[in-house]
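Report on the structure given below.
Protein chains: 4
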Amino acid sequence: MKPWDNIISEEEQRAYRAAGFGNPSGVGAHPALLVIDVQYRTVGTTPKSFWESIKEFPTSCGEVGWRAVQAIVPLLAEFRRRGWPVLYPHVAPKKSTDGGRLAEKIPAIMNIAEKGYEFVAEVAPREGDVLLPKKHPSAFFATPLVSHLIDLGVDTLVVTGCTTSGCVRGSVVDAFAYNFHVLVPSDCVYDRSATSHAVNLFDMASKYADVATAAEIMEKLRAIPDRPLAA
Amino acid sequence: MKPWDNIISEEEQRAYRAAGFGNPSGVGAHPALLVIDVQYRTVGTTPKSFWESIKEFPTSCGEVGWRAVQAIVPLLAEFRRRGWPVLYPHVAPKKSTDGGRLAEKIPAIMNIAEKGYEFVAEVAPREGDVLLPKKHPSAFFATPLVSHLIDLGVDTLVVTGCTTSGCVRGSVVDAFAYNFHVLVPSDCVYDRSATSHAVNLFDMASKYADVATAAEIMEKLRAIPDRPLAA
Amino acid sequence: MKPWDNIISEEEQRAYRAAGFGNPSGVGAHPALLVIDVQYRTVGTTPKSFWESIKEFPTSCGEVGWRAVQAIVPLLAEFRRRGWPVLYPHVAPKKSTDGGRLAEKIPAIMNIAEKGYEFVAEVAPREGDVLLPKKHPSAFFATPLVSHLIDLGVDTLVVTGCTTSGCVRGSVVDAFAYNFHVLVPSDCVYDRSATSHAVNLFDMASKYADVATAAEIMEKLRAIPDRPLAA
Amino acid sequence: MKPWDNIISEEEQRAYRAAGFGNPSGVGAHPALLVIDVQYRTVGTTPKSFWESIKEFPTSCGEVGWRAVQAIVPLLAEFRRRGWPVLYPHVAPKKSTDGGRLAEKIPAIMNIAEKGYEFVAEVAPREGDVLLPKKHPSAFFATPLVSHLIDLGVDTLVVTGCTTSGCVRGSVVDAFAYNFHVLVPSDCVYDRSATSHAVNLFDMASKYADVATAAEIMEKLRAIPDRPLAA
Chain H
0 MKPWDNIISE EEQRAYRAAG FGNPSGVGAH PALLVIDVQY RTVGTTPKSF WESIKEFPTS
60 CGEVGWRAVQ AIVPLLAEFR RRGWPVLYPH VAPKKSTDGG RLAEKIPAIM NIAEKGYEFV
120 AEVAPREGDV LLPKKHPSAF FATPLVSHLI DLGVDTLVVT GCTTSGCVRG SVVDAFAYNF
180 HVLVPSDCVY DRSATSHAVN LFDMASKYAD VATAAEIMEK LRAIPDRPLA A
Chain X
0 MKPWDNIISE EEQRAYRAAG FGNPSGVGAH PALLVIDVQY RTVGTTPKSF WESIKEFPTS
60 CGEVGWRAVQ AIVPLLAEFR RRGWPVLYPH VAPKKSTDGG RLAEKIPAIM NIAEKGYEFV
120 AEVAPREGDV LLPKKHPSAF FATPLVSHLI DLGVDTLVVT GCTTSGCVRG SVVDAFAYNF
180 HVLVPSDCVY DRSATSHAVN LFDMASKYAD VATAAEIMEK LRAIPDRPLA A
Chain S
0 MKPWDNIISE EEQRAYRAAG FGNPSGVGAH PALLVIDVQY RTVGTTPKSF WESIKEFPTS
60 CGEVGWRAVQ AIVPLLAEFR RRGWPVLYPH VAPKKSTDGG RLAEKIPAIM NIAEKGYEFV
120 AEVAPREGDV LLPKKHPSAF FATPLVSHLI DLGVDTLVVT GCTTSGCVRG SVVDAFAYNF
180 HVLVPSDCVY DRSATSHAVN LFDMASKYAD VATAAEIMEK LRAIPDRPLA A
Chain D
0 MKPWDNIISE EEQRAYRAAG FGNPSGVGAH PALLVIDVQY RTVGTTPKSF WESIKEFPTS
60 CGEVGWRAVQ AIVPLLAEFR RRGWPVLYPH VAPKKSTDGG RLAEKIPAIM NIAEKGYEFV
120 AEVAPREGDV LLPKKHPSAF FATPLVSHLI DLGVDTLVVT GCTTSGCVRG SVVDAFAYNF
180 HVLVPSDCVY DRSATSHAVN LFDMASKYAD VATAAEIMEK LRAIPDRPLA A
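Residue numbers (numbering that gives the first Met the number 0), protein chains in the order written: chain H, 0 to 230; chain X, 0 to 230; chain S, 0 to 230; chain D, 0 to 230.
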């Protein structure tokens, strides 16, 4: 059972398969984990329903976000254990000059309280992680992410965080275009719309990434041998 | 009635509005038209049902594509009449070195017959239009599109073509990140999945672009005064 | 007399002209000023000779930097008076994860004292200016500079700061590639090598930008009419 | 004896060393060769002096170009022997829409005869090489070069071709910013100005790349072990 099975009809799924979409792109030898926008502004400082949570931050996804955070915890621990890189693209506090089209389209996004920009403690960065403030949906757009990945010798990205239909989707499309292998653990990404979440997972699975549960993806990652130490 | 009203529930739409999404980003003074991937490979050489059409090209969307082509015709004519720029991002024939993740994810896309790469005659480019061969979903990725738009003094993009959930979506996200005003005429974009088409329109309308019918968008464009001639 | 006349021979200059290089690219209607890396790390906290100044910051250019700062002052004042945008690409304090090739090539650059990252007071940014921290030579690389310029409707860049052969050169090449009109006031850019400074000005004048004194460039800018207020 | 020793004074070189510039960035494990713009338009169809050669193509560098072509031959052969990737960024024939700032700055560049765009036979691409048409100085700007390099697992670039002060310099600065190890064989790059050639080599050696003769670079490359075959 895929997350989109109740929304994308069997006929539509058959059409995609008939046209040749949705093959696996597989896993490389050097993975990195992206934790995108897992800040209190996207889940609230405590788990609450969506409607309660947006009273604290209008950008919050509420409970679904906290469930995803719990699913990221063991995945992050596995990356720590293996010594694989973890990178944190995140939204920086907005300045008056940061408006542009964003301020027109979603004015509420310009006035989030400072606490909202803190990383959620359960999956927060530690010393040595790469922090990437960003101003646009994709973690690659106008950031040095690709330079870091080339420096680290990464060929595979596991993409977590939020929102599925926003910054996750935008980052996955760019990661695919840069020719990274992309894996999206469906239980580690979240969105304020269940429908949009599911359809974006379908779009990514069809064209850009391998979508599976965090448990399935960890299974695949376990098959990667340790990197030989540089001489 | 919006194209996504039967798929995104009223509760979900209310959630987006409550969180402050979906405001208009408006129209600038210098529009350009993008016609993305309107080649026979995406509609077939003649209008046929999806299932018949993919026998000719597996990448074809069939009849929905031909309906969109008909809707692009008057919009394109209006851009010609006003002397506004028209640009054609399009898929170039694949070479053996063009594989990467794309060849893994969608192998069928690597072997399209040459005729499939021709522009659909009804909306084909003419002398003086900018042609932009591309290898990745977004019309901006690894192409000189943004350099052309800066040279032309463009501040507003009307995005047409296909697929709604692929190259159109990717291009709209980048256009928004570059701070162009973005307009998506919902009847001028097409996709092989009606559900994904509708949800991608909803995503774009919520976060990145103003989505309306071609007729409504032409009405807005008519309000733009002619550009003064350079001295 | 051009800054490169004693270094690039008359024969070489004749060769460039014969091949058709060095024509003016002219001025547009909407200029912005870039002030690149004018921080104490590139001039020292007080004017001193190069050899004294590098004892404070190894990245300092010393006296030539202070002379350029003085030349930037009236140019900046003119931009303030006209209400034209001023943007500050600058080097952010280095973190342990920022090394890459830079830390190998120029290790000293990784350990500059915090004071070095402050803007030089004489030409420092004020509220409303765009601040662009960067990690690479070009002000465009991995920063949202081009998005800001599109949002501001800029078509012309006046590039000042340092070093002529480093971040100024890299930014000018990218600005040219993006199709902005580029003006380099030769007395407002500086470098630790007089030879490299002069030859980089020659390269830019031949291929990418119009190079002249700040006084000459201000004369050209005065011809630009005030921008009509948006309705 | 370095190529710049007669142009950059000993005092200036001492200043760069004192400030900590010019350390080696070294060689990685997976090299690729860039052959940039080695087309008849940059050397002429037969070796002639600069002044004779520009009568055929105003963009020709003449004899110095042919000497560099001879130096590229054994380097290219070594890359072929080892099975390492070779990529050809090159200038595509200009269309009327390709003007922009380039057409203003160097009008002669817009009207080169078709033969000028052919690759020089001695170092021409063969089946399986990546061909990258480009419109701007850097081989990375608005091309899929970085996507190809990520797909190929490349970490080191050897950059050859022309001109030293133009497309080579621009590509090297970007390659450095992307965190590739960059090697420039000084006898395999060429320019229409001997002074600018030498100073650009100095700039690159100081800040972005390791500059040495082709023979020295081949010696370093021989130390790289063969890549293990993928399982």
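Idealized CB from N, CA, C, for every residue including glycine.
Pull up the distance between the alpha-carbon of S:Ala230 and that of S:Leu151, whole angstroms please.
Walking along the third sequence from the start, residue 230 of chain S turns up at place 231. Walking along the third sequence from the start, residue 151 of chain S turns up at place 152. Low confidence applies here, because S:Ala230 scores a pLDDT of 42, under 50, leaving its location unreliable; read the following figure in that light. Spanning the two alpha carbons is a distance of roughly 16 Å.
Which runs of the alpha helix (DSSP H) at least 4 residues long sit entirely within the stretch 8–62 of chain D? Give them in chain order.
Segments of the alpha helix (DSSP H) lying fully in the stretch 8–62 of chain D: 9–17, 39–42, 49–55.
Pairwise C-alpha distance: X:Phe49 and X:Trp65
To locate residue 65 of chain X, count along the second sequence from 1; it is residue 66. To locate residue 49 of chain X, count along the second sequence from 1; it is residue 50. Using only the alpha carbons, I get a separation of about 11 Å.
The alpha helix (DSSP H) enclosing X:Val198, as first and last residue numbers
Taking the first residue of the second sequence as position 1, residue 198 of chain X is located at position 199. Residue range 193–206 is occupied by the alpha helix (DSSP H) that includes X:Val198.
Quick check: what's the CA-CA separation for S:Lys93 versus S:Ala141?
Here residue 93 of chain S corresponds to residue number 94 of the third sequence, with the count starting at 1. Here residue 141 of chain S corresponds to residue number 142 of the third sequence, with the count starting at 1. Their Cα atoms are separated by approximately 16 Å.
Contact set between D:Gly99 and chain X, taken where Cβ atoms lie within less than 7 Å
For the purposes of this step, residue 99 of chain D is taken as the residue at position 100 of the fourth sequence. By Cβ distance, chain X contributes Ser146, Asp150.
Assuming H:Ala211 is part of the beta strand (DSSP E), what are its boundary residues?
The count along the first sequence starts at 1 and reaches residue 211 of chain H at position 212. Per DSSP, H:Ala211 is one residue of the beta strand (DSSP E) stretching across 209–211.
Compare the beta carbon distance of X:Ala76 and X:Val153 with 7 Å and say whether it is the shorter of the two.
By one-based count along the second sequence, residue 76 of chain X stands at place 77. By one-based count along the second sequence, residue 153 of chain X stands at place 154. Pairing X:Ala76 with X:Val153 gives a Cβ-Cβ distance that is not under 7 Å.
Using the beta-carbon of each residue, which ones in chain C are nearer than 7 Å to H:Ala141?
Of the protein chains in this structure, namely H, X, S and D, none is chain C.
What first and last residue would you give for the beta strand (DSSP E) that runs through D:Lys133?
To locate residue 133 of chain D, count along the fourth sequence from 1; it is residue 134. Counting along the chain, the beta strand (DSSP E) containing D:Lys133 begins and ends at 129–133.
Just reading off the beta strand (DSSP E) that X:Val122 is part of, what are its end residues?
Here the question's residue 122 of chain X lines up with position 123 in the second sequence. Following the DSSP letters along the chain, one finds X:Val122 in no beta strand (DSSP E), marked with neither H nor E.
S:Gly99 - containing alpha helix (DSSP H), residue span
Taking the third sequence and counting its residues from 1, the one referred to as residue 99 of chain S is at position 100. Taken as a continuous stretch (DSSP letters only), the alpha helix (DSSP H) holding S:Gly99 covers 99–104.
Element boundaries [beta strand (DSSP E), containing H:Val167]
For this step, residue 167 of chain H is matched to residue 168 along the first sequence. For H:Val167, there is no enclosing beta strand (DSSP E), as DSSP marks it with neither H nor E.
Between H:Tyr15 and chain D, is any beta-carbon pair separated by less than 7 Å?
Numbered from 1 along the first sequence, position 16 holds the residue referred to as residue 15 of chain H. By this cut-off, H:Tyr15 is not an interface position.
In this structure, does DSSP put X:Gly115 in helix, strand or coil?
For this step, residue 115 of chain X is matched to residue 116 along the second sequence. It is helical.
Spell out the partners DSSP gives X:Val90 in its beta bridges.
In the second sequence, counting from the first residue as 1, residue 90 of chain X sits at position 91. DSSP lists X:Lys133 as partners of X:Val90.
Skipping 5 residues on each side, what residues in its chain have a beta carbon closer than 7 Å to that of H:Ile108?
In the first sequence, the residue the question calls residue 108 of chain H occupies position 109. So the list reads Thr58, Leu101, once near-sequence residues are dropped.
Please list the partners that H:Ser95 has in chain S, where partner means a Cβ-to-Cβ separation under 9 Å.
Sequence index remark: in the first sequence, residue 95 of chain H carries index 96 (1-based). For H:Ser95, the neighbours in chain S by C-beta distance under 9 Å run, in chain order, Glu126, Gly127.
In chain order, what residues of the stretch 14–42 of chain X put their CB closer than 9 Å to some CB of chain H?
Ala14, Tyr15, Ala17, Ala18, Gly19, Phe20, Gly21, Asn22, Pro23, Ser24, Gly25: these are the residues of the stretch 14–42 of chain X whose beta carbon lies less than 9 Å from some beta carbon of chain H, given in chain order.
By the criterion of Cβ-Cβ separation under 9 Å, what are the contact partners of D:Asp202 in chain S?
Looking up residue 202 of chain D in the fourth sequence gives position 203. In chain order: Ser164, Gly165, Arg168, Ser192, Ser195, Val198, Asn199.
Applying the 10 Å Cβ sphere with the 16-neighbour rule, what's the burial state of X:Leu130?
Sequence index remark: in the second sequence, residue 130 of chain X carries index 131 (1-based). That one is exposed.
Residues near S:Ala214 by beta carbon distance below 7 Å, same chain, minus five either side
Numbered from its first residue, the third sequence carries residue 214 of chain S at position 215. Closer than 7 Å at the Cβ level, and outside the excluded window around S:Ala214, lies no residue.
Is it right to say D:Ser137 is buried, meaning 16 or more other beta carbons lie within 10 angstroms of its own, or is it exposed?
Taking the fourth sequence and counting its residues from 1, one reaches residue 137 of chain D at position 138. Burial call: buried.
Just verifying my parser: in three-state terms, what is the DSSP assignment at X:Thr159?
By 1-based counting over the second sequence, the position of residue 159 of chain X is 160. Three-state result, X:Thr159: strand.
Can you check whether the C-beta of X:Lys134 is within less than 7 Å of a C-beta belonging to chain D?
For the purposes of this step, residue 134 of chain X is identified with residue 135 of the second sequence, where counting begins at 1. With a threshold of 7 Å between beta carbons, X:Lys134 makes contact with chain D.
Buried versus exposed, by CB contacts within 10 Å (16 or more), S:Leu144
Here the question's residue 144 of chain S lines up with position 145 in the third sequence. It is buried - the Cβ of S:Leu144 has at least 16 other Cβ atoms within 10 Å.
With the cut-off set at 7 Å, would you say S:Val157 and S:Ala208 are in Cβ contact?
Working through the third sequence from its first residue, we reach residue 157 of chain S at position 158. Working through the third sequence from its first residue, we reach residue 208 of chain S at position 209. Contact: no.
What is the DSSP secondary structure of H:Val72, counted as helix, strand or coil?
Along the first sequence, read from residue 1 onward, the residue named residue 72 of chain H stands at position 73. Of the three classes helix, strand and coil, the one that applies to H:Val72 here is helix, per DSSP.
Give a yes or no on whether the minimum CB-CB distance between D:Ile105 and chain S is below 7 Å.
If you number the fourth sequence from 1, residue 105 of chain D lands on position 106. Among the CB atoms of chain S, one or more fall inside 7 Å of the CB of D:Ile105.
Taking Cβ-Cβ distances shorter than 7 Å, what residues in chain H pair up with D:Ala176?
Within the fourth sequence, numbered from 1, the residue matching residue 176 of chain D stands at position 177. Ser146, listed in chain order.
Who are the near neighbours of H:Ile111 in its chain, counting only those whose CB is closer than 7 Å to its CB and skipping five residues on each side?
Numbered from its first residue, the first sequence carries residue 111 of chain H at position 112. Shown here for H:Ile111: same chain residues with a beta carbon closer than 7 Å to its own, the five before and five after excluded, namely Arg40, Phe56, Thr58 in chain order.
So, using beta-carbon positions, are S:Tyr177 and X:Ile149 closer together than 7 Å?
Locating residue 177 of chain S in the third sequence gives position 178, counting from the first residue. Locating residue 149 of chain X in the second sequence gives position 150, counting from the first residue. One thing to note: S:Tyr177 has its Cβ within 7 Å of the Cβ of X:Ile149.
Candidates H:Lys104, H:Asp97, H:Val90: which alpha carbon is nearest H:Lys114's?
Residue numbering aside, residue 114 of chain H sits at position 115 when the first sequence is read from its first letter. That would be H:Val90, whose Cα lies nearest to the Cα of H:Lys114.
Between D:Tyr15 and the rest of its own chain, which residues show a CB-CB distance below 7 Å, the 5 nearest in sequence each way excluded?
Counting from 1 along the fourth sequence, the entry for residue 15 of chain D is found at position 16. Taking C-beta separations shorter than 7 Å and ignoring five residues to either side along the sequence, the partners of D:Tyr15 in its chain run Gly21, Ser205, following chain order.
Residues of chain S with a CB under 7 Å from the CB of X:Asp154: which are they?
For the purposes of this step, residue 154 of chain X is taken as the residue at position 155 of the second sequence. Within chain S, the residues near X:Asp154 are Gly152.
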